[in-house]
Amino acid sequence: MTSQPPVSKTRRWSLVDAGALAAVLLAAAGVIWSPKLSSAVAQATGGVVPVTVLVDVRGVPVADPTGLVEAARAEGKVAIVIRNQPHGSVAIERIQQLQRRLVAVQPDGSVVTAPDPSGRDFSNLDARFVLKAQGRRASGGVVFGNQTVKVGAPIEIEGEGYRVNGTVTGINLQEG
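All letters in the sequence shown, in the order written, are residues 1 to 176 by the numbering used here.
Right, dumping it as structure tokens:
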């Protein structure tokens, strides 16, 4: 009977093994720090509160502005795009149609305003979208749709039959 030498139980790590381990660690870190997970944790801990964002859309040429506003109201929600990145959909609380006004300074120094008469001739969309969602206060503004927004920030609003550019004109974060 011949005896065989004992088999060594030590394993050497190859470059492929180290690469696989690094990929697994990076994937685990991505899951831990993902925005959806952090927003779920913030929601569970009460870190998010209702936020109202006012978005003004001005001067967008539309064949039927009133029809577009009614269609948006019927949908009840819009998808938002902030800095060319889609950030989900938010509820529409209300939509106000805005009327353009002309301002003229008179020779005596007084100011006179009047409705813009070209509104009858040219069909432009001038509206304020009041959007309601969950958000939280951050150091640089309010986190809305997983993106920090401030008054003056450009934002795109997208519905089933439209996509318009607007500007954030107001933010109301309800403190819980």
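Glycine included, C-beta positions come from ideal geometry on N, C-alpha and C.
So residue i and residue j are in contact, right, with Cβ under 8 Å, and what is the actual spacing, rounded?
| i | j | result |
| --- | --- | --- |
| VAL78 | GLY159 | 5 Å |
| ILE157 | ILE82 | At roughly 11 Å, the Cβ-Cβ gap does not stay under 8 Å, so ILE157 and ILE82 are not in contact. |
| GLY166 | VAL57 | 4 Å |
| LEU125 | VAL51 | Actually they do not touch by this definition, with Cβ atoms about 24 Å apart. |
| LEU173 | GLY135 | 6 Å |
Identify whether residue i lies in helix, strand or coil by the three-state DSSP scheme.
| i | result |
| --- | --- |
| THR167 | strand |
| LEU54 | strand |
| PRO107 | coil |
| ALA42 | Low confidence applies here, because ALA42 scores a pLDDT of 49, under 50, leaving its location unreliable; read the following figure in that light. If DSSP states are grouped into helix, strand and coil, ALA42 belongs with the helices. |
| VAL48 | coil |
| LEU15 | helix |
| LEU98 | coil |
Taking a contact to mean a Cβ-Cβ separation below 9 Å, would you say residue i touches residue j in this structure?
| i | j | result |
| --- | --- | --- |
| THR169 | LEU54 | yes |
| PRO115 | ARG137 | no |
| ALA127 | PRO65 | yes |
| PHE144 | ALA72 | no |
| ALA91 | GLY76 | yes |
| VAL60 | VAL164 | yes |
Count Cβ pairs between the stretch 148-156 and the stretch 17-33 that sit closer than 8 Å; are there 3 or more? Contact fails: fewer than three Cβ-Cβ distances are below 8 Å.
Closer than 8 Å is the cut-off here; do at least three beta carbon pairs connect the stretch 14-24 with the stretch 84-97? No, they do not touch.
Let me know the alpha helix (DSSP H) ranges lying completely inside the stretch 61-86, each 4 residues or longer, listed in chain order. Counting only runs of 4 or more, we get 65-75.
What beta strand (DSSP E) runs, 3 residues minimum, are completely inside the stretch 114-165? Taking 3 residues as the shortest admissible run, the stretch 114-165 contains the following complete beta strand (DSSP E) segments, listed from N- to C-terminal end: 124-138, 141-144, 147-149 and 154-158.
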